[in-house]
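The UniProt record's numbering numbers the first residue of the sequence shown as 1 and each following residue consecutively. First up is the structure itself, then whatever we jot down about it.
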Amino acid sequence: MYSVLLEDRSQHLGEELQGYWDQEVKRAQKDAREPSLVKAIIKCYWKSYLIWGMFTFLEEGTRVVQPIFLGKMVSYVENYHLSDSAALHEAYGCAAGLSACVLVWAVLHHLYFYHIQRVGMRLRVAVCRMIYRKALRLSSSAMGKTTTGQVINLLSNDVNRFDQVTMFLHYLWVGPLQAVAVTALLWMEIGVSCLAGMAVLIILLLLQSCFGKLFSSLWSKTAALTDKRIRTMSEVITGIRTIKMNAWEKSFIDCITRLRSKEISKILKSSYLRGMNLASFFTVSKIMIFVTFITNELLDNRITASQVFVVMTLFEALRFSSTLYFPVAIEKVSEAVVSLRRIKVW
């Protein structure tokens with residue numbers, strides 16, 4: 001096993017975030033308001049996180065540019081003339097540009113996810129250290145108000161949301177920007193017909209906003225039920241001798257089973273919503289293309305092969321950012337907000 005890098009050690013990360021939290025507490029006392037853990041986290045990590053956000057912007061930008069090069073190449077084949085050397089050189093340039101875009105996208109994509117996961121890992125480790133540090137300093141009266149199970153749930157479930165939310169948070173602003181750019185390019189290619197396809201995307205995004213609120217509510221209820229179940233299990237294990245002596249096993253089994261059934265019910269509802277999000281990723285781009293071409297046909301507009309390729313690849317460019325990463329970002333942000341609230345209250 002290799003030793004952990006100095007900048008990734010829990011002592012360094014915890015002390016850094018603790019310093020910003022202490023500053024936020026002092027500032028909140030001065031302003032007569034509640035301290036915000038979110039503000040402390042933003043002040044601690046905003047610089048590095050913003051830099052990698054620019055990588056996301058460039059990555060998705062290359063996906064939008066690719067259809068332009070592809071359309072030019074198909075247009076050259078459509079209007080091929082043996083004596084037109086200028087068009088041939090332009091086609092070579094477009095092919096080189098398309099290859100460069102694919103290469104740049106591949107490099108930026110993996111570089112972004114590697115470093116952004118490190119940011120999420122650092123945030124998780126820092127918050128874990130702060131929770132552990134406070135747990136060691138709790139007074140006897142404070143210990144009576146909490147349980148080991150609650151602390152375990154915070155350290156095992158809630159903090160893991162930070163690893164996930166950091167990966168997709170940037171797509172909340174990159175996704176809409178990319179959608180605007182794609183709409184502009186589609187308008188230049190096929191005119192007003194593109195609005196029909198984009199209307200499908202807007203309806204999807206509105207549905208995702210509703211799903212985000214449901215995710216937040218379900219995760220809050222699930223976490224509360226998990227805390228209650230773990231607390232009950234801890235009490236059962238502590239008093240197992242008394243339970244055995246009085247033959248109370250069935251009563252406690254029924255109690256724990258009921259709690260677990262309620263918890264599983266909330267988890268299943270979250271899974272159904274997550275499945276609907278994933279289904280939209282596989283279907284919505286096809287629906288957008290279908291609606292766009294049907295509208296174009298109803299308007300009696302002529303369409304060429306190059307326009308078909310451009311329209312399809314532009315909609316495919318939106319497939320990941322707007323129909324996969326954007327919904328996942330809403331889901332993870334909703335869960336992270338609930339987790340931050342629980343950690344702050346504790």
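Even glycine gets a Cβ: it sits at the ideal position worked out from N, Cα and C.
Go ahead and label residue i buried or exposed: buried means 16 or more other beta carbons lie within 10 angstroms of its beta carbon, across all protein chains shown.
{"i": "Asp227", "result": "buried"}
{"i": "Phe69", "result": "buried"}
{"i": "Trp46", "result": "exposed"}
{"i": "Lys332", "result": "buried"}
{"i": "Val38", "result": "exposed"}
{"i": "Thr323", "result": "buried"}
{"i": "Ile42", "result": "exposed"}
{"i": "His170", "result": "buried"}
{"i": "Cys210", "result": "exposed"}
{"i": "Met276", "result": "exposed"}
{"i": "Gln11", "result": "exposed"}
{"i": "Ala223", "result": "buried"}
{"i": "residue 348", "result": "Not covered by the structure: residue 348. The range shown for the chain is 1 to 346."}
{"i": "Val73", "result": "Per the sequence presented here, residue 73 reads as Met, with Val not at that position. With 16 or more other Cβ atoms within 10 Å, it is buried."}
{"i": "Ala32", "result": "exposed"}
{"i": "Lys266", "result": "buried"}
{"i": "Ser306", "result": "buried"}
{"i": "Leu225", "result": "buried"}
{"i": "Phe215", "result": "buried"}
{"i": "Leu6", "result": "exposed"}
{"i": "Arg133", "result": "exposed"}
{"i": "Arg229", "result": "buried"}
{"i": "Glu59", "result": "buried"}
{"i": "Val4", "result": "exposed"}
{"i": "Tyr112", "result": "buried"}
{"i": "Thr292", "result": "buried"}
{"i": "Leu186", "result": "buried"}
{"i": "Met188", "result": "exposed"}
{"i": "Leu299", "result": "exposed"}
{"i": "Leu136", "result": "exposed"}
{"i": "Ser280", "result": "buried"}
{"i": "Leu103", "result": "exposed"}
{"i": "Asn153", "result": "buried"}
Would you mind working out which of the options sits nearest residue i, comparing C-alpha positions?
{"i": "Tyr92", "options": "Leu111, Gly71, Thr323", "result": "Gly71"}
{"i": "Gly61", "options": "Val310, Thr313, Gln178", "result": "Gln178"}
{"i": "His115", "options": "Leu205, Asn277, Thr56", "result": "Thr56"}
{"i": "Leu259", "options": "Phe281, Lys286, Arg231", "result": "Arg231"}
{"i": "Leu218", "options": "Val311, Ser99, Arg241, Ile264", "result": "Ile264"}
{"i": "Ile190", "options": "Asn301, Ala317, Ala28", "result": "Asn301"}
{"i": "Val127", "options": "Val151, Trp105, Leu108", "result": "Val151"}
{"i": "Ala106", "options": "His89, Ser75, Tyr76, Gln66", "result": "Gln66"}
{"i": "Thr183", "options": "Ile343, Leu278, Glu34, Val310", "result": "Val310"}
{"i": "Arg341", "options": "Phe162, Ser99, Gly97, Ala279", "result": "Phe162"}
{"i": "Arg122", "options": "Glu15, Pro176, Leu108", "result": "Glu15"}
{"i": "Ser285", "options": "His89, Ala317, Ala305, Val308", "result": "Ala317"}
{"i": "Ser220", "options": "Ser270, Lys134, Tyr76", "result": "Ser270"}
{"i": "Thr283", "options": "Trp187, Phe320, Tyr76, Leu58", "result": "Phe320"}
{"i": "Gln208", "options": "Trp187, Arg27, Leu273, Asp8", "result": "Leu273"}
{"i": "Ala95", "options": "His110, Tyr112, Leu108, Ser75", "result": "Ser75"}
{"i": "Trp173", "options": "Val102, Ser156, Leu205", "result": "Leu205"}
{"i": "Ile343", "options": "His109, Phe281, Asn157, Arg137", "result": "Asn157"}
{"i": "Ser193", "options": "Thr295, Leu103, Phe281, Lys213", "result": "Thr295"}
{"i": "Ser334", "options": "Thr304, Val308, Thr242, Lys213", "result": "Lys213"}
{"i": "Thr304", "options": "Ile243, Arg27, Val77", "result": "Val77"}
{"i": "Val345", "options": "Pro35, Gly239, Gly175", "result": "Pro35"}
{"i": "Ser234", "options": "Leu278, Phe252, Ala247", "result": "Phe252"}
Excluding the 5 residues flanking residue i on each side, which residues of the same chain have their C-beta closer than 7 Å to its C-beta?
{"i": "Met288", "result": "Gly197, Val200, Leu201, Phe315"}
{"i": "Phe168", "result": "Tyr325, Val328, Ala329, Lys332"}
{"i": "residue 347", "result": "Nothing about residue 347 can be reported from this structure: the residues present for the chain run from 1 to 346 only."}
{"i": "Met312", "result": "Ile289"}
{"i": "Leu108", "result": "Phe55, Leu58, Glu59"}
Skipping 5 residues on each side, what residues in its chain have a beta carbon closer than 8 Å to that of residue i?
{"i": "Val119", "result": "Tyr45, Ser48, Tyr49, Trp52, Thr166"}
{"i": "Cys255", "result": "Thr232"}
{"i": "Ile243", "result": "Val236, Glu249, Phe252"}
For residue i, which residues in the same chain have their Cβ closer than 6 Å to its Cβ, ignoring the five residues on either side in sequence?
{"i": "Met181", "result": "Reading off the sequence, residue 181 comes out as Ala, not Met. Val64, listed in sequence order."}
{"i": "Ala336", "result": "Arg161, Val165"}
{"i": "Val159", "result": "Arg124, Val127, Cys128"}
{"i": "residue 348", "result": "Outside the displayed span of the chain (1 to 346) sits residue 348, for which this structure offers no information."}
Does residue i have its Cβ less than 8 Å from a Cβ in chain B?
{"i": "Leu207", "result": "Looking at the structure shown, chain B is missing, and only one protein chain is on hand."}
Answer yes or no: the CB of residue i versus the heavy atoms of the ligand SAH, is any distance below 7 Å?
{"i": "Lys26", "result": "Among the components of this structure there are no ligands whatsoever, and the ligand SAH is therefore not found."}
### Task
Tell me the start and end of each unbroken alpha helix (DSSP H) in the stretch 5 to 77 that is at least 4 residues and wholly inside, in chain order.
10 to 31
### Runs of alpha helix (DSSP H) wholly within the stretch 131 to 197 (minimum 4 residues, chain order)
140 to 144, 148 to 153, 160 to 168, 171 to 190
#### Entry: Contiguous alpha helix (DSSP H) assignments of at least 4 residues, all confined to the stretch 74 to 109
none
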